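Peer 1:
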Amino acid sequence: MIKDFYGDLRLGILGGGQLGRMLIQEAISLNVNVYVLDPDPDAPCKNLCERFVCGRLDDYETVYQFGKQLDMLTIEIEKVNVDALEKLEEEGVLVYPQARVIRLIQDKGLQKQFFKQNDIPTAPFQLLNSKESLRDEQLIPPFIQKLRKDGYDGKGVRKIVTEADFKDAFDAPSVIEEWIDFKKEIAVIVSRNDSGDIKAFPCVEMEFNPDANLVEFLISPAALDPGIQARAEELAIKIAEDLQIVGLLAVEMFLTKDGAILVNELAPRPHNSGHQSIEGNYTSQFAQHLRAIFNLPLGNTEVRLPAVMINLLGSDNHEGLARYEGLEESMAIEGVYVHLYGKKFTKPFRKMGHVCIIHEDREAAINNARKVQGLIKVIV
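Residue numbers (the working numbering): 3 to 382.
#1: Would you mind stating whether G111 and L129 have Cβ atoms separated by less than 8 Å?
#2: Can you tell me the Cβ-Cβ gap for V253 and G316, rounded? I've got them flagged as a contact below 8 Å.
#3: I26 to Y339, Cα distance in whole Å?
#4: If I'm right that G249 touches I295 with Cβ under 8 Å, what's the distance once you round it to whole angstroms?
#5: What three-state label does DSSP hand R102 in the structure shown?
#6: Out of E63, P46, A86 and N35, point me to the one whose CA is closest to D73's CA.
#7: Spatial neighbours of L314 within its chain, please: C-beta separation below 7 Å, excluding the five flanking residues on both sides.
#8: For the segment 169 to 182 and the segment 201 to 212, state whether three or more C-beta atom pairs, one from each stretch, are separated by less than 8 Å.
#9: Within its chain, find whatever has a CB closer than 8 Å to the CB of L106; leave out the 5 residues flanking it on each side and keep chain order.
#10: With a CB to CB cut of under 8 Å and the five nearest residues on each side skipped, what residues in its chain are close to I388?
#11: If I measure Cβ to Cβ from P43 and keep anything under 6 Å in the same chain, skipping five residues before and after, which residues do I get?
#12: In whole angstroms, what separates the C-alpha of N266 from that of V192?
#13: Going by beta-carbon coordinates alone, are H150 and D109 separated by less than 8 Å?
#14: Of all the options L257, R102, R137 and S222, which has the alpha carbon lying nearest to the alpha carbon of K186?
#15: Can you tell me the Cα-Cα spacing of L11 and T303, whole angstroms?
#16: Give the single residue among F68, T164, Y284 and A86 whose Cα lies nearest to the Cα of Y62.
#17: Looking at C-alpha atoms only, which residue of L307, K89 and R352 is the closest neighbour of G337?
#18: What residue range does the alpha helix (DSSP H) around K373 cover?
#19: Secondary structure at G355, three-state DSSP: helix, strand or coil?
#20: Are A324 and F347 touching if we call contact CB-CB under 8 Å?
#21: Determine the extent of the beta strand (DSSP E) in which E218 is found, giving its start and end residues.
#22: If we ignore side chains and look at the alpha-carbon of each, how far apart do A101 and G328 end up?
#23: Assign T164 to one of two classes, buried (16 or more other C-beta atoms within 10 Å of its C-beta) or exposed (fewer than that).
#24: Between I263 and A367, what straight-line distance do the alpha-carbon atoms span, to the nearest angstrom?
#25: Mind reading off the beta-carbon distance from N297 to S135? Whole number of angstroms is fine, and I expect it under 8 Å.
#26: Which class does Q119 belong to by DSSP, given the choice of helix, strand or coil?
#27: Cα separation between A232 and L220?
#28: I'd like to check one pair, E321 with P350: are the Cβ atoms closer than 8 Å?
#29: What three-state label does DSSP hand I263 in the structure shown?
#30: Could you give the DSSP three-state label for S286: helix, strand or coil?
#31: For a quick check, are the C-beta atoms of R293 and N195 less than 8 Å apart?
#32: State the DSSP-derived secondary structure class of L39, mapped to helix, strand or coil.
#33: The alpha helix (DSSP H) with R271 in it runs from where to where?
#34: Quick check on G57: does DSSP put it in helix, strand or coil?
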């Protein structure tokens with residue numbers, strides 16, 4: 003690197019949400035100067051960074067003007083202006099993950115084509131441009147429809163179970179996926195630096211909130227046959243190498259009932275499926291992302307203790323100034339670590355924080371997590 007990461011180097015983060023906030027918390031330990039761009043004037047990162055700029059992430063001029071004053075840019079959300087990032091790369095700003103990687107992952111259709119071209123197992127799919135195409139192609143339910151662009155945190159996904167659901171389908175370019183009868187949803191986060199060093203975090207398993215389609219419960223390590231876990235980690239590493247990505251890559255997968263692994267989606271950044279790594283692994287995903295983009299030696303990814311992560315979501319029918327019930331009772335339980343994201347206002351299913359529960363015994367960690375899940379509520 004031209005500059006020492008702990009000295010004069012200026013790191014920019016596109017996005018000022020909770021992922022950026024936790025990234026800054028790690029960056030502070032390394033004395034990194036962090037600048038943040040986000041459209042929300044009260045973004046969670048606002049009071050932690052060296053400089054906060056309020057502006058649109060999808061606007062070329064805003065992203066370009068923000069980035070040209072910096073040495074390096076990274077992201078905490080994919081919905082950013084990639085044309086501006088490509089221009090900044092041409093002018094010598096280091097952009098990690100690279101603009102070409104972000105462009106590919108922004109579009110779920112391009113992701114699926116990338117999987118097919120690189121022999122990466124994934125659910126059978128079709129690419130369609132409109133709601134009308136669903137009937138023109140004579141598609142037979144059940145299947146999943148995903149918007150090609152702008153889907154995030156469970157948004158942009160439709161389950162088409164019967165023909166009656168066609169009326170609720172998206173009328174926009176989308177991916178149609180075969181309905182997969184899976185056994186588990188699992189994820190592997192892998193990191194790669196510019197020298198080509200690569201490491202995978204052990205596989206985790208996820209339980210989703212059926213209403214919000216958000217990760218509600220995450221368990222590390224996953225209860226998998228060692229051979230299946232090894233295949234999942236090898237697959238994530240292959241994808242990172244095929245992309246030649248610098249930074250973190252989260253790979254969400256389905257484990258089918260017959261033992262096959264199908265890649266679902268990618269995220270080129272710190273991810274909800276890695277929050278347990280702060281307490282549960284020797285190196286957190288946030289520390290590892292910084293190590294990767296600064297081309298430092300990658301940290302030990304092994305599990306330190308079994309861990310369960312619970313997302314704290316805004317309660318249904320509650321919208322307004324957030325209050326938290328059950329924090330004190332939860333924190334009285336050994337091994338409970340609460341992370342609140344600094345969001346003043348709650349609304350149904352908004353991510354307001356997470357809790358990590360660690361224990362030497364995996365089942366005890368799960369049992370304690372169930373207790374915490376019943377105690378903490380985000381209300382108004």
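All C-beta atoms, glycine included, are put in the ideal place defined by N, C-alpha and C.
In this text the structure is predicted, and so the values were computed from the model without any measurement.
Peer 2: Result, derived from the coordinates:
#1: Translated into the one-based positions of the sequence shown, residue 111 becomes position 109. Translated into the one-based positions of the sequence shown, residue 129 becomes position 127. Yes, Cβ-Cβ distance for G111 and L129 is below 8 Å.
#2: Here residue 253 is taken as the residue at index 251 of the sequence shown, counted from 1. Here residue 316 is taken as the residue at index 314 of the sequence shown, counted from 1. Contact doesn't hold; Cβ gap of about 28 Å is too wide.
#3: Position 24 of the sequence shown, counting from 1, holds the residue named residue 26. Position 337 of the sequence shown, counting from 1, holds the residue named residue 339. Straight-line Cα distance between these residues: approximately 18 Å.
#4: Here residue 249 corresponds to residue number 247 of the sequence shown, with the count starting at 1. Here residue 295 corresponds to residue number 293 of the sequence shown, with the count starting at 1. Right, the Cβ-Cβ distance comes to about 5 Å (below 8 Å), so this counts as a contact.
#5: By one-based count along the sequence shown, residue 102 stands at place 100. Helix at R102.
#6: Counting from one through the sequence shown, the residue named residue 73 turns up at place 71. D73 has its Cα closest to that of N35, out of E63, P46, A86 and N35.
#7: Position 312 of the sequence shown, counted from the first residue, corresponds to residue 314. Taken in chain order, the residues that qualify are M354, G355, H356, V357, I378 and V380.
#8: no
#9: Here residue 106 refers to the residue found at position 104 when the sequence shown is read from its first residue. Excluding residues within five positions, the ones whose Cβ falls inside 8 Å are L112, Q113, F116 and L245.
#10: Residue 388 falls outside the range modelled here, since the chain spans only 3 to 382, and no answer is possible.
#11: Working through the sequence shown from its first residue, we reach residue 43 at position 41. So the list reads C56, once near-sequence residues are dropped.
#12: In the sequence shown, counting from the first residue as 1, residue 266 sits at position 264. In the sequence shown, counting from the first residue as 1, residue 192 sits at position 190. Each residue's Cα considered, the two are about 15 Å apart.
#13: If you number the sequence shown from 1, residue 150 lands on position 148. If you number the sequence shown from 1, residue 109 lands on position 107. The sequence given here places Arg at residue 150; His does not occur at that position. Yes, the pair counts as a contact, with Cβ atoms nearer than the cut-off.
#14: Residue 186 sits at position 184 when you count from the first residue of the sequence shown. Checked all of L257, R102, R137 and S222; the closest Cα to K186 is L257.
#15: Against the sequence shown, residue 11 aligns to sequence position 9. Against the sequence shown, residue 303 aligns to sequence position 301. About 26 Å.
#16: As a first step, residue 62 is located in the sequence shown; it is residue number 60 there, counting from the start. Of the listed residues, the one whose Cα sits closest to Y62 is A86.
#17: Within the sequence shown, the letter at position 335 stands for residue 337. For the residues L307, K89 and R352, the minimum Cα distance to G337 belongs to L307.
#18: For the purposes of this step, residue 373 is identified with residue 371 of the sequence shown, where counting begins at 1. Note, K373: alpha helix (DSSP H), R364 to L377.
#19: Translated into positions along the sequence shown, residue 355 becomes position 353. Of the three classes helix, strand and coil, the one that applies to G355 here is strand, per DSSP.
#20: Your numbering for residue 324 matches position 322 in the sequence shown. Your numbering for residue 347 matches position 345 in the sequence shown. In this structure, F347 lies closer than 8 Å to A324 by Cβ.
#21: Against the sequence shown, residue 218 aligns to sequence position 216. Start and end: L216 to S222.
#22: Looking up residue 101 in the sequence shown gives position 99. Looking up residue 328 in the sequence shown gives position 326. Their Cα atoms are separated by approximately 43 Å.
#23: Position 162 of the sequence shown, counting from 1, holds the residue named residue 164. So T164 ends up on the exposed side.
#24: Residue mapping note: residue 263 aligns to position 261 of the sequence shown, counting from 1. Residue mapping note: residue 367 aligns to position 365 of the sequence shown, counting from 1. Roughly 26 Å separates the two Cα atoms.
#25: As a working note, residue 297 is residue 295 in the sequence shown. As a working note, residue 135 is residue 133 in the sequence shown. Their Cβ separation, rounded to whole angstroms, is 45 Å, which puts N297 and S135 out of contact at 8 Å.
#26: Along the sequence shown, read from residue 1 onward, the residue named residue 119 stands at position 117. In this structure, Q119 counts as helix in the three-state DSSP scheme.
#27: The residue labelled residue 232 in the question sits at position 230 within the sequence shown. The residue labelled residue 220 in the question sits at position 218 within the sequence shown. Cα-Cα distance, rounded: 19 Å.
#28: Numbered from its first residue, the sequence shown carries residue 350 at position 348. Numbered from its first residue, the sequence shown carries residue 321 at position 319. Yes, they are a contact pair.
#29: What you label residue 263 is simply residue 261 of the sequence shown in a count that begins at 1. Looking at I263 - three-state DSSP - the assignment turns out to be strand.
#30: Here residue 286 corresponds to residue number 284 of the sequence shown, with the count starting at 1. Coil, per DSSP.
#31: If you number the sequence shown from 1, residue 293 lands on position 291. If you number the sequence shown from 1, residue 195 lands on position 193. The answer is yes: Cβ separation under 8 Å.
#32: For the purposes of this step, residue 39 is identified with residue 37 of the sequence shown, where counting begins at 1. DSSP places L39 in strand when its eight states are reduced to three.
#33: Stepping through the sequence shown from its first residue, residue 271 is reached at position 269. Looking at the DSSP string, R271 is not in any alpha helix (DSSP H), and its letter there is neither H nor E.
#34: Numbered from 1 along the sequence shown, position 55 holds the residue referred to as residue 57. Three-state DSSP puts G57 in coil, outside helix and strand.
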